Amino acid sequence: MIFLNINNLSVSIEGKKILNDFNLTINQGEIHAIMGPNGSGKSTLANVLAGNEDYEVDSGKIMYKDKDLLDLNIEERAQRGIFIAFQYPVEIPGVKITPFLQASINSKLKNENKPELDRLSFAKLLRKKAEDLGINSEMLKRSINTGFSGGEKKKYEILQMSVLNPEFTIFDETDSGLDVDALRIVTEGINNFKNNNNSFLIITHYQKLLNYINPDHVHIMRNGKIVKSGDISLAGEIEESGYQNF
Amino acid sequence: MNTETSKTLEKYAQEKYKYGFVTDIDSDRPQKGLNEDTIKFISKKKNEPEWMLSWRLNCYKKWLKMPNPNWANLNFPEIDYQDIYYYSAPKGFEKKPKDLSEVDPKLIETYNKLGIPLEEQKVLAGVAVDAVFDSVSVATTYKEELEKLGIVFCSISEAVQIHPELVKKYLGSVIPPGDHSFSALNSAVFTDGSFVYIPENVKCPIELSTYFRINAEETGQFERTLIIADKGSYVSYLEGCTAPQRDTNQLHAANVELIALEDAEIKYATIQNWYPGDENGKGGIYNFVTKRGLCNGKNSKISWTQVETGSAITWKYPSCILKGDNSIGEFYSVAITNNFQQADTGTKMTHIGKKTRSKIISKGISLGNSQNTYRGKVSILRKANKARNYTQCDSLLVGNKCGAHTIPYIDSKNNSAVVEHEASTSKINEEQLYYCRQRGLSHEEAVSLIVNGFCKQVLQELPMEFAVEAQKLVSISLEGSVG
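Those protein sequence lines, which keep their order, are chains A and B. The first sequence begins at 1 in the numbering used here and counts up one residue at a time. The second sequence begins at 1001 in the numbering used here and counts up one residue at a time.
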């Protein structure tokens, strides 16, 4: 089975070309990192994989678990195990995480023709996952992301990931604006969560996060395509001399 | 708005008002139109004493001289008062049936369909219901149990017969018939509604509730409700409303008066789901309602909670007169307008006593081509030392053809009073929808979740038994908007 194969993908937004014949293959259980300067198209890639309708796919193909991803809308992709840890998680006042995530996990179970979780067993699961991540149970009573600090929002994203157990997680610059404590929770979350089934695409501007996570592949992205691929040493090069050499 | 959002909203438009059925039943009606004979007809049907009839006729004379209030942000053709039936009752309703065996099974079936079972074995646990069908009360549940506590819960027509002294004393005492033309009209032609009296120091152990159903065509419903909470007592009351789907407009002009004496508390909740008209704005109920509560004693409290989702036009300002020192008035409102609905709703808090407090939380949601206005007035009178008010008005817009308006008036004549007002207007956020959908929720689920979150502060004020119902209703009411 091909897990993820992006083939000659071109994407534009409001007539402006952002991704240009982009290619990438990710196998099951792999961690890939994409680094690149601002405006290189990294976040566009995350949004297109998620199915955000503001982006227009001009040409190319995305195969995910032997299915054409472009045929599916946002929620259908999510139900098939694609999860985005957002750069700026949005506030939803008045909506608590318990009913929200319960609806979320049940949409996935329903899609897989598995029995849905009732309120009690879901609440147990959520509490357990929060405990594992060292997240205060007080936080579970608050409205989603509402009045959270940047770090708290990211922890919430990690919590959601570990509850929903997605097969493919995309971190969209999750490390930007994190303090040391939050960065630790995020990296521990990823490290505890990774296994032979789950794949990751980590989009980042800095090397720092990658030191903790140890990706299998590192790609440098510029002007809408990957210009160089390698191992973790590539990230070290960027740290030393920036993107101008690529 | 992106295409997916428009698609969802269009999908909502396909769904229909689910209480729009008509019960096929023979009814007894006077001639169309309003004159002294109509009023005499109603009064005679109800076998009323002379004093009641002359009160009505007096109100009618007042009404004749009054123009309709025209300050609301509403647009509708002039109402032809001579083209309406003022009374309609299922045949054979000269007297209220003693028990359900005397009630036409079609009526019982109607209430079953509406989710309000009246049969003894099936009644809602913990909720006593008075069922009003057009102009008459069909049945009242839990009546005997309440009587044991001295609580009176019956239709207003029955109260005129059995408790004339209370009716005489309090009817029109909070809403003077000459207040405005709709209150005068209601006072002249009111047909049925509920009457509640809670004796001193009695806490009513169950929810009291009235379910209003309009059935007959071209008929106005003029409900009149009077609730008196004597010293140290407590009652929680809820009203629900639905009507058949018709392409002509129908008039509903209600008056509700609440009186809380010293240390008493009244909680009054409304779930208003009258037929709102179709997606082109045809038909629907004109809902002109006057609701007012008087906190007449020290430490008394009245709180209004309303979920307004129906009606073509809503004109409604549940208010509190805070006369007793330390008395408290509250108003919690969710108003959802869709398609071509118009709502002009809010509250009036009049602070008379010392250290009186009021709180107003209003959530307006506009969809489609609708217009939604919050209109409120906070008055602090000269002697209301250290009075306090807090007002919060939030509006949510879905789509770009609807309107939200906030019109707060504040009038303070006392320097020691503190009045706070907060307001916000926002559009439903594509980013929020994207976030929810990325977690696997469908577009509809996401919209409903976000709107329910927006209304949470108000919905949690509803009695438990109805909170879930209200949440569902909020979701259903998002139907019918084309972005």
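Beta carbons: idealized from backbone N, C-alpha and C, even for Gly. It should be emphasised that the depicted structure is a prediction, and the values quoted were computed from it without experimental measurement.
Leaving aside the five residues before and after residue i along the sequence, list all residues of the same chain whose C-beta is less than 8 Å from its C-beta, in chain order.
| i | result |
| --- | --- |
| L133 of chain A | K155, I158, L159, S162, I185, E188, G189 |
| I74 of chain A | A50, G51, N52, E53 |
| E1218 of chain B | K1032, D1083, I1084, Y1085, T1248, Q1250 |
| S1155 of chain B | K1096, D1130, V1132, V1136, S1137, T1140, D1192, G1193, S1194, F1195 |
| A1216 of chain B | S1027, R1029, Y1085, S1088, D1134 |
Does any residue of chain B have a CB that is nearer than 7 Å to the CB of residue i?
| i | result |
| --- | --- |
| Q79 of chain A | yes |
| E75 of chain A | yes |
| S104 of chain A | yes |
| S12 of chain A | no |
| S149 of chain A | no |
| G94 of chain A | yes |
| K129 of chain A | no |
| K108 of chain A | yes |
| V90 of chain A | yes |
| I62 of chain A | no |
| G15 of chain A | no |
| A50 of chain A | yes |
| I18 of chain A | no |
Which residues bound the beta strand (DSSP E) around residue i?
| i | result |
| --- | --- |
| Y1374 of chain B | 1371-1380 |
| E1422 of chain B | 1418-1427 |
| K1359 of chain B | 1357-1366 |
| G60 of chain A | 56-64 |
| N1058 of chain B | Here N1058 of chain B belongs to no beta strand (DSSP E); instead the alpha helix (DSSP H) covers 1050-1064. |
| K1291 of chain B | 1284-1295 |
| N1255 of chain B | 1249-1260 |
| Q1272 of chain B | 1265-1272 |
Below 8 Å on the Cβ atoms is my contact criterion, and I expect residue i with residue j to pass it. Report the Cβ-Cβ distance as a whole number of Å.
| i | j | result |
| --- | --- | --- |
| E1507 of chain B | N1372 of chain B | Past the boundaries of the shown model lies residue 1507 of chain B; chain B is included only from 1001 to 1483, so the question cannot be answered. |
| K61 of chain A | N7 of chain A | 5 Å |
| L1238 of chain B | V1202 of chain B | At roughly 19 Å, the Cβ-Cβ gap does not stay under 8 Å, so L1238 of chain B and V1202 of chain B are not in contact. |
| L109 of chain A | Y64 of chain A | The Cβ separation is near 19 Å, so there is no contact. |
| Q79 of chain A | G1440 of chain B | 5 Å |
| Y1087 of chain B | I1151 of chain B | Contact flag wrong, Cβ pair sits at about 29 Å. |
| T1337 of chain B | S1370 of chain B | 3 Å |
| N1273 of chain B | T1305 of chain B | Actually they do not touch by this definition, with Cβ atoms about 15 Å apart. |
| T318 of chain A | A33 of chain A | In the structure as shown, chain A begins at 1 and stops at 246. Residue 318 of chain A is therefore absent and cannot be evaluated. |
Using 7 Å as the limit for Cβ to Cβ distance, is residue i near chain A?
| i | result |
| --- | --- |
| K1456 of chain B | yes |
| M1001 of chain B | Note that M1001 of chain B scores a pLDDT of 44, beneath 50, so its modelled location is shaky and nothing firm can be said. |
| G1453 of chain B | yes |
| L1441 of chain B | yes |
| Q1432 of chain B | yes |
| Y1012 of chain B | Residue placement at Y1012 of chain B is poorly supported in this model, since its pLDDT is 48, which falls under 50; the coordinates still yield a value, given next. Answer no: the Cβ-Cβ gap between Y1012 of chain B and chain A never drops below 7 Å. |
| L1396 of chain B | no |
| L1367 of chain B | no |
| L1381 of chain B | no |
Looking at the secondary structure, which residues open and close the alpha helix (DSSP H) in which residue i lies?
| i | result |
| --- | --- |
| R142 of chain A | Per DSSP, R142 of chain A belongs to no alpha helix (DSSP H) and is neither H nor E. |
| K1045 of chain B | 1036-1045 |
| A235 of chain A | 232-241 |
| E76 of chain A | 74-79 |
| Q1306 of chain B | Per DSSP, Q1306 of chain B belongs to no alpha helix (DSSP H); it is in the beta strand (DSSP E), 1301-1308. |
| I185 of chain A | 180-193 |
| F1454 of chain B | 1443-1459 |
With a threshold of 7 Å on Cβ separation, who are the neighbours of residue i within its own chain once the five nearest residues in sequence on each side are excluded?
| i | result |
| --- | --- |
| W1063 of chain B | S1181, A1184, L1185, A1188 |
| K225 of chain A | N20, D21, F22 |
| K1413 of chain B | I1380, L1381, R1382 |
| A1446 of chain B | L1433, C1436, R1437 |
| G287 of chain A | Residue 287 of chain A is absent from the model: chain A starts at 1 and stops at 246. |
| A1404 of chain B | G1364, S1366, N1372, S1395, L1397, T1425 |
| L1057 of chain B | E1036, I1039 |
| K1427 of chain B | L1397 |
Can you find the residues in the same chain that come closer than 6 Å, C-beta to C-beta, to residue i, ignoring five residues on each side of it along the sequence?
| i | result |
| --- | --- |
| L209 of chain A | D175 |
| H1252 of chain B | Q1221, I1285, N1287 |
| L1294 of chain B | V1174, I1259, I1321 |
| S1194 of chain B | D1130, T1210, T1225 |
| D1026 of chain B | K1091 |
| Q244 of chain A | none |
Using beta carbons (cut-off 7 Å, strictly below), is residue i in contact with chain C?
| i | result |
| --- | --- |
| R1437 of chain B | The chain inventory of the structure shown lacks chain C, comprising the protein chains A and B. |
Counting pairs of Cβ atoms below 8 Å between the stretch 1452-1465 of chain B and the stretch 1410-1425 of chain B, do you hit three or more? no
Count the CB pairs spanning the stretch 91-106 of chain A and the stretch 43-57 of chain A that are closer than 8 Å, and state whether there are at least three. Segments in contact, no.
Assess contact between the stretch 98-115 of chain A and the stretch 1454-1474 of chain B, defined as three or more Cβ pairs (one per stretch) separated by less than 8 Å. Is contact present? Fewer than three beta-carbon pairs drawn from the stretch 98-115 of chain A and the stretch 1454-1474 of chain B are found closer than 8 Å, and the two stretches are therefore not classed as touching.
How do the stretch 1350-1365 of chain B and the stretch 1316-1334 of chain B stand: do at least 3 beta-carbon pairs fall below 8 Å, yes or no? yes
For the 8 Å Cβ check, are there 3 or more pairs between the stretch 1158-1170 of chain B and the stretch 1100-1117 of chain B? In this structure the stretch 1158-1170 of chain B does not lie against the stretch 1100-1117 of chain B, because fewer than three pairs of beta carbons, one per stretch, are closer than 8 Å.
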